[in-house]
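There are 2 protein chains.
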Amino acid sequence: MLGLAGMGSENQAAIPCGNGCESSACTHCTQRALVAKQHLFTHGDEQRYIYYVHAGCLRLYKTLGNGRRQVIGFSFAGDFIGFGIGPEFPYNAQSIGRSEVRCLPRGTFHRLALEIPRFAFRLYEATTLELAAAHDLALTIGQRNSAAAVASFLLWLSRRNERRGVEPTTISLPMPRTDIADYLGLTGETVSRTFTRLKVGGLIRVTRKRLVQLTDLPALLELAEGMAGEHAGYRHSDGPRRTPH
Amino acid sequence: MLGLAGMGSENQAAIPCGNGCESSACTHCTQRALVAKQHLFTHGDEQRYIYYVHAGCLRLYKTLGNGRRQVIGFSFAGDFIGFGIGPEFPYNAQSIGRSEVRCLPRGTFHRLALEIPRFAFRLYEATTLELAAAHDLALTIGQRNSAAAVASFLLWLSRRNERRGVEPTTISLPMPRTDIADYLGLTGETVSRTFTRLKVGGLIRVTRKRLVQLTDLPALLELAEGMAGEHAGYRHSDGPRRTPH
DNA sequence: CGACAAGTTGATACCGTTCAACCTGCGTGG
DNA sequence: CCACGCAGGTTGAACGGTATCAACTTGTCG
Numbered sequence: 001m002l003g004l005a006g007m008g009s010e011n012q013a014a015i016p017c018g019n020g021c022e023s024s025a026c027t028h029c030t031q032r033a034l035v036a037k038q039h040l041f042t043h044g045d046e047q048r049y050i051y052y053v054h055a056g057c058l059r060l061y062k063t064l065g066n067g068r069r070q071v072i073g074f075s076f077a078g079d080f081i082g083f084g085i086g087p088e089f090p091y092n093a094q095s096i097g098r099s100e101v102r103c104l105p106r107g108t109f110h111r112l113a114l115e116i117p118r119f120a121f122r123l124y125e126a127t128t129l130e131l132a133a134a135h136d137l138a139l140t141i142g143q144r145n146s147a148a149a150v151a152s153f154l155l156w157l158s159r160r161n162e163r164r165g166v167e168p169t170t171i172s173l174p175m176p177r178t179d180i181a182d183y184l185g186l187t188g189e190t191v192s193r194t195f196t197r198l199k200v201g202g203l204i205r206v207t208r209k210r211l212v213q214l215t216d217l218p219a220l221l222e223l224a225e226g227m228a229g230e231h232a233g234y235r236h237s238d239g240p241r242r243t244p245h
Numbered sequence: 246m247l248g249l250a251g252m253g254s255e256n257q258a259a260i261p262c263g264n265g266c267e268s269s270a271c272t273h274c275t276q277r278a279l280v281a282k283q284h285l286f287t288h289g290d291e292q293r294y295i296y297y298v299h300a301g302c303l304r305l306y307k308t309l310g311n312g313r314r315q316v317i318g319f320s321f322a323g324d325f326i327g328f329g330i331g332p333e334f335p336y337n338a339q340s341i342g343r344s345e346v347r348c349l350p351r352g353t354f355h356r357l358a359l360e361i362p363r364f365a366f367r368l369y370e371a372t373t374l375e376l377a378a379a380h381d382l383a384l385t386i387g388q389r390n391s392a393a394a395v396a397s398f399l400l401w402l403s404r405r406n407e408r409r410g411v412e413p414t415t416i417s418l419p420m421p422r423t424d425i426a427d428y429l430g431l432t433g434e435t436v437s438r439t440f441t442r443l444k445v446g447g448l449i450r451v452t453r454k455r456l457v458q459l460t461d462l463p464a465l466l467e468l469a470e471g472m473a474g475e476h477a478g479y480r481h482s483d484g485p486r487r488t489p490h
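In the order they appear, the protein sequences are chains E and L.
If you read the first sequence in my numbering, its first letter stands for residue 1, the second for the next number, and so on.
If you read the second sequence in my numbering, its first letter stands for residue 246, the second for the next number, and so on.
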């Protein structure tokens with residue numbers, strides 16, 4: 001019903017729009033193609049549409065007055081962007097490479113929500129999943145060290161693959177290192193260094209810079225929880241420490 | 246209508262329950278009194294109720310395998326706790342001091358949502374506000390240094406006061422320093438040091454440890470945005486630096 | 001009052017940042 | 001087709017903000 005079937009991502013709300021976006025909400029939708037680094041919208045823009053990513057990948061981010069940037073999420077094909085009720089977008093959405101989005105007029109979207117309870121309930125559900133993802137992000141940024149943060153990032157993408165029936169140990173990273181860094185509250189250099197340490201530790205294998213193979217999932221899981229045991233491949237530097245961070 | 250009037254907090258969804266919780270959702274609600282440090286629920290508990298904080302203050306937090314804790318929010322009187330659709334709570338809710346909550350059976354809550362579109366839409370709105378707060382938290386933890394983080398925390402409480410018609414320059418902190426620390430991704434010691442630096446800088450005045458007066462809002466706003474100008478009271482240590490953090 | 005939790009302050013260590021140099025890969029245009 | 005250019009990525013050295021550990025002070029509640 002409604003063409004809003006299930007959820008896909010835990011990061012961006014994902015309500016697959018059926019085969020080709022033929023849901024009732026999509027009746028009057030327009031398309032938009034974006035080139036690399038082009039913004040779909042920026043912080044403060046009037047919220048006119050809710051977007052559905054048909055192809056490509058976007059980064060969602062907020063900035064501070066001094067220019068520092070926090071990536072708050074990535075939107076992949078099949079994800080929705082722009083749930084929210086304020087008059088303006090509270091963050092920026094920018095295409096990473098080339099991408100294609102469908103624009104659903106906010107008005108009809110919300111009218112449907114008020115007419116059809118199940119529809120509104122689905123919006124509630126979807127937002128709830130995004131909220132859980134945002135809480136996980138806070139946990140990662142605030143409490144995980146660089147290794148744990150990168151590990152949990154990779155595992156997140158792995159679980160995402162799994163949910164979509166894709167091989168969960170081979171991961172493609174559409175985004176540059178700096179995006180991963182600004183997502184995890186680190187710098188590009190630190191992310192790069194962490195990748196190589198995971199690599200020499202035998203936990204991952206990197207090919208073509210945007211392709212990663214997870215070769216030791218149990219170790220990655222332990223790392224992500226901050227339980228960097230002595231047994232497995234990865235050891236932080238030299239000598240054990242009390243409480244790393 | 247419905248007894249669900251407006252929003253109160255940007256942190257926890259706040260739909261004031263009217264005067265005394267006489268909304269239709271509250272028809273069969275039960276009460277629960279909590280003492281200091283008592284948990285309302287913990288991570289993994291079955292989600293049976295949605296809670297309404299009638300008095301007191303709770304901390305919501307998640308933990309890592311190694312024991313590190315991330316506070317993801319504070320729930321004050323008038324806030325709701327426990328929106329979400331999964332079978333289990335994805336975080337812990339613990340009373341800070343003494344508090345009192347009303348328990349709304351999740352089933353009737355969701356049944357109402359499916360029967361009454363406006364109700365479901367309100368849930369969607371409320372969750373959306375929580376999501377924005379979670380994104381702000383990620384920005385704070387990931388990109389603000391300790392001074393900026395504490396400043397934005399105080400300003401958040403100030404705005405909260407303002408919205409409730411309370412004096413926005415006098416702030417009470419029901420939570421201990423360690424909670425603020427785990428909320429901002431810092432340690433209690435760092436929070437304490439930051440408070441005293443703000444104090445000697447003349448930006449705040451601290452009385453009785455849980456009461457703060459904001460004596461220089463413009464400077465706090467600049468600090469929170471990372472634009473620690475040379476003019477105002479607060480200067481980080483000695484000598485200017487390129488990009489602090 | 002007395003005990004214990006919470007908060008402050010100090011000394012030191014270190015993880016991640018910063019700055020810088022270099023490498024790599026890919027798209028563009030001569 | 002190769003040369004060039006440049007963004008993205010890696011690696012190194014040094015600095016510094018924050019964590020850690022520890023001692024002490026303050027506040028609070030029974």
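Every residue gets a Cβ at the ideal spot worked out from N, C-alpha and C, and that includes glycine.
Reducing DSSP to helix, strand and coil, say where residue i ends up.
i                : result
Thr207 (chain E) : strand
Gln94 (chain E)  : strand
Val71 (chain E)  : strand
Arg144 (chain E) : coil
Lys307 (chain L) : strand
Glu22 (chain E)  : Any reading at Glu22 (chain E) must be qualified, since the residue scores a pLDDT of 46, below 50, and its modelled position is unreliable; no value is offered.
Leu459 (chain L) : strand
Phe109 (chain E) : helix
Arg122 (chain E) : helix
Ile425 (chain L) : helix
Gly84 (chain E)  : coil
Asp445 (chain L) : Per the sequence presented here, residue 445 (chain L) reads as Val, with Asp not at that position. Three-state DSSP puts Val445 (chain L) in a helix.
Val150 (chain E) : helix
Arg102 (chain E) : strand
Ser254 (chain L) : Legend: pLDDT at Ser254 (chain L) = 39, less than 50; position of this residue unreliable, value from coordinates given subsequently. DSSP places Ser254 (chain L) in coil when its eight states are reduced to three.
His135 (chain E) : helix
Ala322 (chain L) : coil
Glu225 (chain E) : coil
Phe334 (chain L) : coil
Ala187 (chain E) : Note on residue identity: the sequence assigns Thr, not Ala, to residue 187 (chain E). The answer is coil: DSSP assigns Thr187 (chain E) none of H, G, I, E or B.
Glu32 (chain E)  : The sequence as given places Arg at residue 32 (chain E); Glu does not occur at that position. Strand at Arg32 (chain E).
Glu291 (chain L) : strand
Thr373 (chain L) : helix
Leaving out the 5 sequence neighbours to the left and right, which residues in its chain are closer than 7 Å to residue i when beta-carbon positions are compared?
i                : result
Glu291 (chain L) : Pro332 and Glu333
Leu400 (chain L) : Leu465, Leu466 and Ala469
Gln31 (chain E)  : Glu100 and Arg102
Going by the CB atoms, is the gap between residue j and residue i shorter than 7 Å?
i                : j                : result
Ile72 (chain E)  : His380 (chain L) : yes
Leu418 (chain L) : Arg442 (chain L) : no
Tyr294 (chain L) : Arg351 (chain L) : yes
Gln94 (chain E)  : Arg59 (chain E)  : yes
Arg102 (chain E) : His54 (chain E)  : yes
Ala393 (chain L) : Gly471 (chain L) : yes
Ala426 (chain L) : Leu137 (chain E) : no
Thr551 (chain L) : Ser397 (chain L) : With chain L represented from 246 up to 490, any question about residue 551 (chain L) goes unanswered, as that position is not in the structure.
Thr372 (chain L) : Phe328 (chain L) : yes
Gly56 (chain E)  : Arg98 (chain E)  : yes
Ala365 (chain L) : Tyr124 (chain E) : yes
Can you give me the Cβ contacts of residue i inside the same chain, cut-off strictly under 6 Å, excluding the 5 residues immediately before and after it?
i                : result
Leu562 (chain L) : With chain L running from 246 to 490 in the structure shown, residue 562 (chain L) is simply not present.
Thr207 (chain E) : none
Ser192 (chain E) : Arg177
Ala473 (chain L) : none
Leu402 (chain L) : Ile416
Met175 (chain E) : Ile96
Which residues in chain L sit within 7 Å of residue i, going by Cβ to Cβ distance?
i                : result
Thr128 (chain E) : Phe328, Gly329, Ile330 and Thr372
Gln70 (chain E)  : Ala383, Leu384, Gly387 and Gln388
Leu123 (chain E) : Tyr369
Since residue i meets chain L, which of its residues come closer than 9 Å, beta carbon to beta carbon?
i                : result
Gly185 (chain E) : Ala383, Ile386, Gly387, Gln388 and Gly430
Report the neighbours of residue i on chain L: residues whose CB is nearer than 8 Å to its CB, in chain order.
i               : result
Tyr91 (chain E) : His380
Excluding the 5 residues preceding and the 5 following residue i in the sequence, name in chain order all residues of the same chain whose CB lies nearer than 8 Å to its CB.
i                : result
Lys62 (chain E)  : His43, Arg69, Gln70, Ile72, Pro90, Tyr91 and Asn92
Arg205 (chain E) : Lys199, Val212, Gln213 and Thr215
Val166 (chain E) : none
Leu462 (chain L) : Leu400, Ser403 and Thr414
In chain E, what lies closer than 7 Å to residue i by C-beta?
i                : result
Leu376 (chain L) : Thr127, Glu130, Leu131 and Ala134
Near-chain E residues of the stretch 385-413 of chain L (beta-carbon distance less than 9 Å), N- to C-terminal order: Cβ contacts with chain E: Thr385, Ile386, Gly387, Gln388, Arg389 and Ala393.
Output, in sequence order along the chain, the residues in the stretch 339-366 of chain L whose CB is closer than 9 Å to any CB in chain E. Listed by position along the chain: His355, Ala358, Leu359, Glu360, Ile361, Pro362, Arg363, Phe364, Ala365 and Phe366.
Please list the residues of the stretch 296-309 of chain L that have a C-beta atom closer than 7 Å to any C-beta atom in chain E, keeping them in chain order. Within the stretch 296-309 of chain L, the residues whose Cβ lies closer than 7 Å to some Cβ of chain E are Lys307 and Leu309, listed in chain order.
For the stretch 447-478 of chain L, which residues have a beta carbon sitting closer than 7 Å to at least one beta carbon of chain E? Residues Glu470, Gly471 and Met472.
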